Amino acid sequence: MKARVHVMLKDGVLDPQGEAVRHALGTLGFLGVNGVRQGKIIELDLAEGTDEATVAQMCEKLLANTVIESYRVEFG
Amino acid sequence: MKAAVIVFPGSNCDRDLAVALRQGGADVTMVWHKDTGLPDGIDMVAIPGGFSFGDYLRCGAIAARSPICRAVVAHAERGGYVLGICNGFQVLTETGLLPGALMRNAGLRFVCRPVGLTVETAASDFTAGYEAGQVLNIPIAHHDGSYTADAQLVARLRDEDRVAFRYVDDPNGSVDNIAGVLSDNRRVLGMMPHPERAIDPALGGTDGAAMFRALTGAMAAA
Numbered sequence: 008m009k010a011r012v013h014v015m016l017k018d019g020v021l022d023p024q025g026e027a028v029r030h031a032l033g034t035l036g037f038l039g040v041n042g043v044r045q046g047k048i049i050e051l052d053l054a055e056g057t058d059e060a061t062v063a064q065m066c067e068k069l070l071a072n073t074v075i076e077s078y079r080v081e082f083g
Numbered sequence: 277m278k279a280a281v282i283v284f285p286g287s288n289c290d291r292d293l294a295v296a297l298r299q300g301g302a303d304v305t306m307v308w309h310k311d312t313g314l315p316d317g318i319d320m321v322a323i324p325g326g327f328s329f330g331d332y333l334r335c336g337a338i339a340a341r342s343p344i345c346r347a348v349v350a351h352a353e354r355g356g357y358v359l360g361i362c363n364g365f366q367v368l369t370e371t372g373l374l375p376g377a378l379m380r381n382a383g384l385r386f387v388c389r390p391v392g393l394t395v396e397t398a399a400s401d402f403t404a405g406y407e408a409g410q411v412l413n414i415p416i417a418h419h420d421g422s423y424t425a426d427a428q429l430v431a432r433l434r435d436e437d438r439v440a441f442r443y444v445d446d447p448n449g450s451v452d453n454i455a456g457v458l459s460d461n462r463r464v465l466g467m468m469p470h471p472e473r474a475i476d477p478a479l480g481g482t483d484g485a486a487m488f489r490a491l492t493g494a495m496a497a498a
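Below you can see the structure in the form of structure tokens.
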């Protein structure tokens with residue numbers, strides 16, 4: 008089974024990389040990009056039957072730094 | 277004082293840190309990250325700068341989950357001293373021994389130069405060799421040094437006199453110009469600047485040396 012973990016900076020945490028990407032899009036002539044937030048996606052290939060609580064623990068203990076990041080898990 | 281310097285794959289300030297500690301009078305043992313325990317009788321654990329595990333996932337994240345870090349956390353919980361410099365500071369925030377997080381520099385550039393650093397408190401065994409308000413000249417060298425904390429945490433650090441150092445001029449976007457923070461028992465210090473690179477006139481300055489001397493003095497007195 009597969010799980011896909013989306014890790015994003017929490018709202019209110021400044022994202023200088025996203026801001027640099029937004030600026031570069033403007034330089035390329037793409038107008039109207041009001042904001043860019045950059046995160047990461049981590050794909051997990053898991054043993055069948057791994058439960059959601061275990062994946063949540065993986066996120067809490069390692070995959071996300073919950074001081075600054077939030078996460079969302081998608082199964083399948 | 278008996279100090280242990282932890283070595284991770286990608287650490288690159290470990291030997292400089294050992295030199296600085298020995299110059300201050302410490303007896304230093306290097307400890308590999310796969311070891312599960314610290315040598316007997318260690319007073320202080322020092323976590324060096326570098327790029328442990330290639331900064332994969334987040335700076336310090338993998339190192340913070342290595343076998344030796346369980347022993348480092350236990351050492352801190354027993355009231356032992358821990359010093360984390362640069363990547364070592366990132367590791368300490370990732371273990372939860374220090375609050376907050378270190379993010380990409382606001383200017384997105386790697387910044388490598390000496391900076392003015394104000395000693396905010398002399399009330400710790402790390403900073404007892406300085407006067408509060410004294411300005412030191414200490415190098416920084418990092419890409420991810422922007423100290424991030426919410427307003428409540430910043431207020432708490434301030435109220436509890438736990439900001440050890442502030443930058444005179446903000447080099448990286450750190451909240452409240454914070455460059456180094458202490459734990460609530462004042463025995464864990466994390467800082468982005470490199471005092472171990474400022475211990476010899478041949479290297480451009482000696483403002484860092486007093487930290488290592490003060491630590492050894494504090495532990496000899498204990």
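Same order as they appear, the protein sequences are chains A and B.
The first sequence begins at 8 in the working numbering and counts up one residue at a time.
The second sequence begins at 277 in the working numbering and counts up one residue at a time.
Ideal placement from N, C-alpha and C gives every residue a C-beta, glycine not left out.
Here the structure is a predicted model, which is why all the values come from computation and not from measurement.
Helix, strand or coil: how does DSSP classify residue i here?
i: Ile318 (chain B); result: coil
i: Thr394 (chain B); result: strand
i: Met487 (chain B); result: helix
i: His30 (chain A); result: helix
i: Val80 (chain A); result: strand
i: Lys9 (chain A); result: strand
i: Ile475 (chain B); result: coil
i: Pro23 (chain A); result: helix
i: Met277 (chain B); result: coil
i: Gly300 (chain B); result: coil
i: Gly364 (chain B); result: helix
i: Cys388 (chain B); result: strand
Residues in the same chain with beta-carbon distance under 6 Å from residue i, minus the five sequence neighbours each way, listed in chain order, please.
i: Ala60 (chain A); result: none
i: Ala425 (chain B); result: Gly376, Val451
i: Met306 (chain B); result: Val281, Val283
i: Phe82 (chain A); result: Ala10
i: Leu519 (chain B); result: Limits of chain B in this structure are 277 at one end and 498 at the other, which puts residue 519 (chain B) out of reach.
i: Arg438 (chain B); result: Val457, Leu458
i: Cys289 (chain B); result: Pro324, Gly325, Gly326
i: Leu293 (chain B); result: Val281, Ala322, Pro324, Glu472
Do residue j and residue i have their beta-carbon atoms positioned less than 8 Å apart in this structure?
i: Ala440 (chain B); j: Met468 (chain B); result: no
i: Ala490 (chain B); j: Asp420 (chain B); result: no
i: Ile361 (chain B); j: Pro324 (chain B); result: yes
i: Lys17 (chain A); j: Glu50 (chain A); result: no
i: His470 (chain B); j: Ala408 (chain B); result: no
i: Asp319 (chain B); j: Ala352 (chain B); result: no
i: Leu378 (chain B); j: Val444 (chain B); result: no
What do you reckon, is the C-beta of residue i under 7 Å from a heavy atom of the ligand NAD?
i: Phe441 (chain B); result: Although the ligand NAD was asked about, the structure shown includes no ligands whatsoever.
With a CB to CB cut of under 7 Å and the five nearest residues on each side skipped, what residues in its chain are close to residue i?
i: Asp483 (chain B); result: Leu412, Asn413, Ile414, Ala474
i: Gly405 (chain B); result: Ala486, Met487, Arg489, Ala490
i: Gln64 (chain A); result: none
i: Ala455 (chain B); result: Leu393, Phe441, Arg442, Tyr443, Met467, Met468, Pro469
Might you give, ordered along the chain, the residues of its own chain that have their beta carbon closer than 8 Å to the beta carbon of residue i, omitting 5 neighbours on each side?
i: Glu55 (chain A); result: Met8
i: Ile338 (chain B); result: Ser328, Phe329, Tyr332
i: Val48 (chain A); result: The question names Val, but residue 48 (chain A) in the sequence shown is Ile. Correct list, in chain order: Arg11, Val12, His13, Val14.
Under 7 Å, CB to CB, which of the residues in the stretch 58–77 of chain A have a partner in chain B?
Leu69, Asn72, Val74, Ile75
What are the start and end residues of each continuous beta strand (DSSP E) run of 3 or more residues lying completely inside the stretch 427–465 of chain B, in chain order?
439–443, 454–458
Give the residues from the stretch 23–36 of chain A that approach chain B closer than 8 Å (Cβ to any Cβ), ordered along the chain.
Pro23, Gln24, Ala27
Cβ-based contacts, 9 Å cut-off: residues of the stretch 463–489 of chain B near chain A:
none
Residues of the stretch 381–401 of chain B with a CB closer than 8 Å to any CB of chain A: list them in chain order, please.
Asn381, Ala382, Gly383, Leu384
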